[in-house]
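K.L.:
There are 2 protein chains.
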Amino acid sequence: MIDHSLLGPTLTVAEVEAGCEQAARLQVASVCARPCDVVLASRLLAGTGVLVGTVVGFPHGATTTPAKVEETRVAVEQGAREIDMVLTISRLRSGDLPAVEADIRAVVEAAAGSPVKVILENAYLTDAEKVAGCLAAERAGAAFVKTSTGFAPTGATVADVRLMRATVAPSVEVKAAGGIRTLDAVLDLLAAGATRFGSTATATILDELAARR
Amino acid sequence: MIDHSLLGPTLTVAEVEAGCEQAARLQVASVCARPCDVVLASRLLAGTGVLVGTVVGFPHGATTTPAKVEETRVAVEQGAREIDMVLTISRLRSGDLPAVEADIRAVVEAAAGSPVKVILENAYLTDAEKVAGCLAAERAGAAFVKTSTGFAPTGATVADVRLMRATVAPSVEVKAAGGIRTLDAVLDLLAAGATRFGSTATATILDELAARR
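Those sequence lines, one after another, are chains A and B. For the first sequence, our numbering assigns the number 1 to the initial residue and increments by one for each residue that follows. For the second sequence, our numbering assigns the number 1 to the initial residue and increments by one for each residue that follows.
1. Please say whether V118/B and V145/B have beta carbons closer to each other than 7 Å?
2. Per DSSP, D84/B forms a beta bridge with which residues?
3. Kindly give me the distance between the Cβ atoms of V174/A and T202/A, rounded to whole angstroms, as I take these residues to be in contact under 8 Å.
4. Nearest to A80/B by alpha carbon, out of L183/B, A102/B, D37/B and V186/B?
5. Does the CB of V118/A have a neighbour CB from chain B at under 7 Å?
6. State whether the region 64-73 of chain A contacts the region 39-49 of chain A, with contact taken as three or more CB pairs (one from each stretch) at a distance under 8 Å.
7. Where D207/A and I205/B are concerned, what is the direct C-alpha to C-alpha distance, given to the nearest angstrom?
8. Starting from the C-beta of A110/B, find all residues in its chain whose C-beta is less than 6 Å away, skip the five residues before and the five after it, and write them out in chain order.
9. For L120/A, which of A29/A, L97/A, R212/A and P35/A has the nearest alpha-carbon?
10. Counting only beta-carbon separations shorter than 7 Å, does L11/B have a partner in chain C?
11. Find the residues of chain B that neighbour C290/A, judging by a C-beta separation of less than 8 Å, and give them in chain order.
12. Unbroken beta strand (DSSP E) runs of length 3 or more, entirely within the region 110-179 of chain A: which are they?
13. Which residues does DSSP pair with I104/B in a beta bridge?
14. Taking any Cβ of chain A, which residues in the region 34-66 of chain B have a Cβ under 8 Å from it, in chain order?
15. Can you tell me which of L190/B, T48/B and E15/B puts its alpha carbon nearest to the alpha carbon of R34/B?
16. Taking the DSSP output, what are the residues bridged to I2/B?
17. Give me the Cβ distance between G178/A and G155/A, rounded to the nearest whole Å; I'm assuming they're in contact under 8 Å.
18. For T30/A, write down the residues that DSSP places opposite it in a beta bridge.
19. Here's the rule: buried if 16 or more other CB atoms are within 10 angstroms of the residue's CB, otherwise exposed. What is P153/B?
20. So, with DSSP's three-state summary, where would you put G8/A?
21. Identify, in the order they occur along the chain, each residue of the same chain with its Cβ nearer than 7 Å to the Cβ of G49/A, setting aside the five sequence neighbours on each side.
22. Where does the unbroken alpha helix (DSSP H) through S94/B begin, and where does it stop?
23. Can you give me the C-alpha to C-alpha distance between L7/B and A210/A, rounded to a whole angstrom?
24. Can you tell me whether R25/B is helix, strand or coil according to DSSP?
25. Check whether the Cβ atoms of C20/A and G53/A lie closer than 7 Å to each other.
26. Could you tell me which chain B residues have their CB closer than 7 Å to the CB of R93/A, listed as they occur along the chain?
27. Within 10 angstroms of the Cβ of T182/A, are there 16 or more other Cβ atoms? Answer buried if so, exposed if not.
28. In angstroms with no decimal places, state the Cα-to-Cα distance between T88/A and L44/A.
29. Does R139/A pass the burial test, meaning 16 or more other C-beta atoms within 10 Å, or should it be called exposed?
30. Using three-state DSSP, classify G19/B as helix, strand or coil.
31. For E82/B, count neighbouring Cβ atoms within 10 angstroms of its own Cβ and tell me buried if that reaches 16, exposed if not.
32. Specify the secondary structure class of R43/B as computed by DSSP and reduced to three states.
33. CA-CA distance, V184/A and S148/A?
34. Output the distance between the C-alpha atoms of A46/A and R25/A, rounded to the nearest integer angstrom.
35. Just to confirm before moving on: does the CB-CB distance between V100/B and A143/B stay below 7 Å?
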């Protein structure tokens, strides 16, 4: 249930290689790689059972729809099997829900069957905006709604996961990400309804799990 | 000499409109708009003498070259006349200078004559990496090298502007951005060799200038 995040802007190629090796060893759901690393991660993770995912419009969500579509198309072509896109935060905050929904739908279509996780970046939203963003994502065909990028002032909270879980249909999953560093945090967010977790602290979390078992 | 920055991920449409009106009133060089606002800013600033610029691969520089090219193409088509791109920080830190240079060159070509400013994001670089990034940008046809995005832990410094100015040919300008909030900061960076300044505090800076004059 963990997407191992390798999204920091400073990561070198050697650090991405080490992160992919760790992800394969830990048998996580996926590596969430930067777009520039999808080719590398796809090569390193081939045959390991760990998927490669990547991000689109990340982390501000402020690129145009044609740019997000091209990012998605290239990512899928290069081996990405999950797409974590940032919705257009500005337009959600401006109440332009048709624009938000059309942007997501275009990415879902470009993903050609690969599941799309829609990042709301809750740090910047009111509860009403979170609900509106979740519903737009569901209408547009998102597989997941996701709390955060990990690059805003706050990340996943139990209250937000509960709200998002209560908002979307059972067929849409909730991914919690941002500031998740302990097994207890994962368990609290799981109890709140999240079924996927984005973290850089994957090894720490799984070590804790092994110790408790 | 000021590019008025409207890059914050939370800005609403109304805030972008207000920012463009302010930029027109203050007669700055350009508005540096988010990609999703280029159409709006181009409409609002038509005939004012203030150019519209935008950002590519912003702020992490970690998108693929094809995605940066498409972002640039769409931006120019929609009215952007200056392109501030983030180089591939990861590859610069990994010593893969051919990849860094090819990525910049592809954006310069897609910009079709509009000047390209290459953001190094000095916060994450050693001095040797800053020099290597500047030289790659110059070889690739950049019009400017630029210190920072404004979204990293540190922004423009006098020492970095001096280093960048000493590194690139006289035909390449230096843009200082990130944390520039006072006229004194602008004057110090100007003395160090910068000829363009990115700021959100444009009104404050120009009020100070008027008061001193």
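Note that CB positions come from ideal geometry on N, CA and C, so glycine has one too.
P.N.:
Inspection of the coordinates gives the following:
1. Against a cut-off of 7 Å, the Cβ pair of V118/B and V145/B comes out as a contact.
2. As computed with DSSP, D84/B is found in a beta bridge with V55/B and K117/B.
3. With a Cβ gap of about 19 Å, V174/A and T202/A do not count as contacting.
4. Ranked by Cα distance from A80/B, the options L183/B, A102/B, D37/B and V186/B are led by D37/B.
5. At least 7 Å separates the CB of V118/A from every CB of chain B.
6. Verdict: no, contact absent.
7. Just so you know, the alpha carbons of D207/A and I205/B end up roughly 52 Å apart.
8. Same-chain partners within the cutoff: V69, T72 and R73.
9. Nearest of A29/A, L97/A, R212/A and P35/A to L120/A, Cα basis: L97/A.
10. Structure shown: chain C not included; protein chains present are A and B.
11. Nothing in the structure corresponds to residue 290/A, since chain A is present only between 1 and 213.
12. Correct list: 116-119, 144-146 and 173-177.
13. DSSP lists no partner for I104/B.
14. Residues passing the 8 Å Cβ filter: R34, P35, C36, D37, V38, F58, P59, H60, G61, A62, T63, T64 and P66.
15. Closest option to R34/B, Cα to Cα, is E15/B.
16. In the DSSP output, where bridge partners are listed per residue, I2/B has F197/B.
17. Their Cβ separation, rounded to whole angstroms, is 2 Å, which keeps G178/A and G155/A in contact under 8 Å.
18. At residue 30/A the sequence reads Ser, which differs from the Thr that was named. Partner(s): D3/A and L51/A.
19. By the 16-neighbour rule on beta-carbons within 10 angstroms, P153/B is exposed.
20. It is coil, neither helix nor strand.
21. Result list for G49/A: Q27, in chain order.
22. Careful: S94/B lies outside any alpha helix (DSSP H) and carries neither H nor E.
23. When only Cα atoms are considered, L7/B and A210/A end up about 44 Å apart.
24. Three-state DSSP puts R25/B in a helix.
25. In this structure, C20/A lies away from G53/A, with their beta-carbon atoms at least 7 Å apart.
26. Under the 7 Å cutoff, chain B gives T10 and T12.
27. The residue is exposed, with fewer than 16 neighbouring Cβ atoms inside 10 Å.
28. In this model, T88/A and L44/A are separated by some 32 Å (Cα to Cα).
29. Exposed is the call here.
30. Helix at G19/B.
31. With 16 or more Cβ atoms within 10 Å of its Cβ, E82/B is classed as buried.
32. Looking at R43/B - three-state DSSP - the assignment turns out to be helix.
33. For the record, residue 184/A in the displayed sequence is Asp; it is not Val. Spanning the two alpha carbons is a distance of roughly 19 Å.
34. If I take the Cα positions, the gap works out to 13 Å.
35. In this structure, the beta-carbon distance from V100/B to A143/B does not fall below 7 Å.
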